[in-house]
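Going letter by letter, the sequence shown gives residues 16 to 169 in my numbering.
From the three backbone atoms N, C-alpha and C, an ideal C-beta is built for every residue, glycine too.
From a predicted model like this one, the values you see are computed outputs, not experimental measurements.
Below is one structure, written out as structure tokens; the observations come after it.
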Amino acid sequence: MDALKAGLAPFVSREFVNHHKGRSSMELRRVLGEPIRDAKQDFSNMDVAGPLRVMWSSWNEIYRNTLGHAERSLVSELRRWAHQEQFSSDDAYRALDSMHRLMTAVSAPETPNVERMKLELLRVRFDEQARAQRRRSVGIPIESQASGGSRSLA
16 MDALKAGLAP
26 FVSREFVNHH
36 KGRSSMELRR
46 VLGEPIRDAK
56 QDFSNMDVAG
66 PLRVMWSSWN
76 EIYRNTLGHA
86 ERSLVSELRR
96 WAHQEQFSSD
106 DAYRALDSMH
116 RLMTAVSAPE
126 TPNVERMKLE
136 LLRVRFDEQA
146 RAQRRRSVGI
156 PIESQASGGS
166 RSLA
């Protein structure tokens, strides 16, 4: 999620500040419901949920001019993931893929880092599956020999 924040916050901030010009701090306070001193600075201090919330709340007036319906769906999905602490590996891959897609859409320079995380997660999952498969294949002959041996004793 830190990579998403690093890649998304500059885009969200730039578009928000450019759209609202001199009243961006006031508008950001309205969107977030929190006191804001300086909109440009406060975007970098937010957790990842902040830029996602700003995008969601200001979509029709700001972000739909640059991004499409698919990206809005990604924002919605990522908002749900932003506060979860535990992920299954399937959930983690899905979240990384959604991050990658949204960051690609906004041309975030951190996008290759997220791609590497996706590939690393796939590698780890593949290694785990291969180990489990080896354990199963080693366990089958041992079980059949044990059951065969007990029949001959009976």
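Notebook entry, point to check: Leu-23: which of Ala-64, Trp-96 and Arg-138 sits nearest, CA to CA?
Noted result: Ala-64
Checklist line | Extent of the continuous alpha helix (DSSP H) to which Asn-33 belongs | finding: 17-35
Check: Going by C-alpha distance, which of Met-118, Gly-48 and His-98 is nearest Val-27?
Finding: Met-118
Item checked: Residue range of the alpha helix (DSSP H) that includes Leu-82 -> Unbroken run through Leu-82: none, as it is neither H nor E.
Next item on the list: Report yes if the C-beta distance between Arg-87 and Trp-74 is below 8 Å; otherwise report no.
Entry: yes
Next item on the list: For Ser-103, count neighbouring Cβ atoms within 10 angstroms of its own Cβ and tell me buried if that reaches 16, exposed if not.
Entry: exposed
Checklist line | Test item: CB-CB of Arg-116 and Leu-89 under 8 Å | finding: yes
Next item on the list: With a 10 Å radius around its C-beta and 16 neighbouring C-beta atoms as the bar for buried, classify Arg-126 as buried or exposed.
Entry: Note that residue 126 is Thr in the sequence shown, not Arg. Looking at its Cβ environment, which holds 16 or more other Cβ atoms inside 10 Å, Thr-126 is buried.
Margin query: Using the three-state DSSP reduction, which class does Gln-101 fall into: helix, strand or coil?
Written below: coil
Margin query: Let me make sure I understand the geometry here. Which of Arg-44, His-34, Ala-145 and Asp-142 has the alpha-carbon closest to that of Thr-81?
Written below: His-34
Item checked: Residues of its chain near Pro-66, where Cβ-Cβ distance is below 6 Å and the 5 sequence neighbours each way are ignored -> Leu-23, Ala-24 and Val-27
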